Amino acid sequence: MKISCMQGRIESLLPPNVDPGSTLSSLNGAFIGGLTGSMLWFVTKYSRDYQALFTYDSVLRKKTLVAGARIAPFTDYEGCALWLLVYFAIIAAVWAVLLYVSFSRGSRSLYLMRRLPEGRKPLFAYVLRAPVRYMVYGAMLCAVLLGVYYIIWRFITPESCLPF
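Numbering (the numbering used here), first residue to last: 11 to 174.
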């Protein structure tokens, strides 16, 4: 039910000859791939820096904080979320080009769409609406990830190891 609801929403944004099912699955794959890549990058980077804050004391048989150790500032980690904006912008740009090219297939032609007085408006609406909405959703995802990464960085790192 949820997929058909999402498919109906995306169908209203796409040109008539574009398959909403395959488009939706491609977009979901891109979102999941970007999200997974960002999270793996952050976890790898943060866990490496977090482990560097500790040393193993063989006498006490436990990990202890290294005296004076500091974790990297959060600005070193925010790139893990912000690179997604570039990733989503590239996908949106390629998608817009593919939607534009889709008008040269089938019975519609770019020449006819550009020649008609009202043809340019639907052409640009079909080409730009869906990629711009995708970009907005991507920016919202980046903002949420940035907040989650900050919360992890701020509240998991020991207080004495924070750089401020």
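For glycine and all other residues, C-beta sits at the position ideal for the given N, C-alpha and C.
For clarity, every value in this text was computed on a predicted model and none was experimentally measured.
What are the boundary residues of the beta strand (DSSP E) that residue i is part of?
i, result
"D59", "No beta strand (DSSP E) holds D59; the alpha helix (DSSP H) holding it covers P30 to Q61."
"F64", "F64 to D67"
"T167", "That residue, T167, is in no beta strand (DSSP E); it is neither H nor E in DSSP."
"T74", "K72 to L75"
Hey, out of the options, whose CA is closest to residue i's CA?
i, options, result
"A40", "L94, A77, S57 and F84", "L94"
"W163", "L24, L37 and R58", "R58"
"L156", "T74, V28, C171 and T85", "T85"
"V142", "N27, G31 and L37", "L37"
"A106", "Y56, V154 and L133", "L133"
"I166", "A77, G43 and Q61", "Q61"
"S170", "S35, L138, T74 and V69", "T74"
"R19", "A140, A79 and C152", "A140"
"C152", "T33, S35, G44 and L172", "G44"
Assuming residue i and residue j make a contact with CB atoms under 8 Å, what is their CB distance in whole Å?
i, j, result
"P25", "S114", "The pair is not a contact, with the Cβ atoms about 11 Å apart (cut-off 8 Å)."
"A102", "Y144", "5 Å"
"V28", "L138", "That belief does not hold up - the Cβ atoms of V28 and L138 are roughly 14 Å apart, past 8 Å."
"I81", "L63", "6 Å"
Counting along the chain, where does the alpha helix (DSSP H) carrying residue i start and finish?
i, result
"Y97", "G89 to V111"
Could you check whether the Cβ of residue i sits closer than 6 Å to any heavy atom belonging to the ligand COA?
i, result
"A103", "As for the ligand COA, it is missing from this structure, which has no ligand bound."
The region 88-103 touching the region 139-150, judged by at least three CB pairs closer than 8 Å: Result yes; three or more Cβ-Cβ pairs closer than 8 Å.
Three CB pairs or more closer than 8 Å across the region 84-92 and the region 50-57: At 8 Å Cβ cutoff, the stretches touch.
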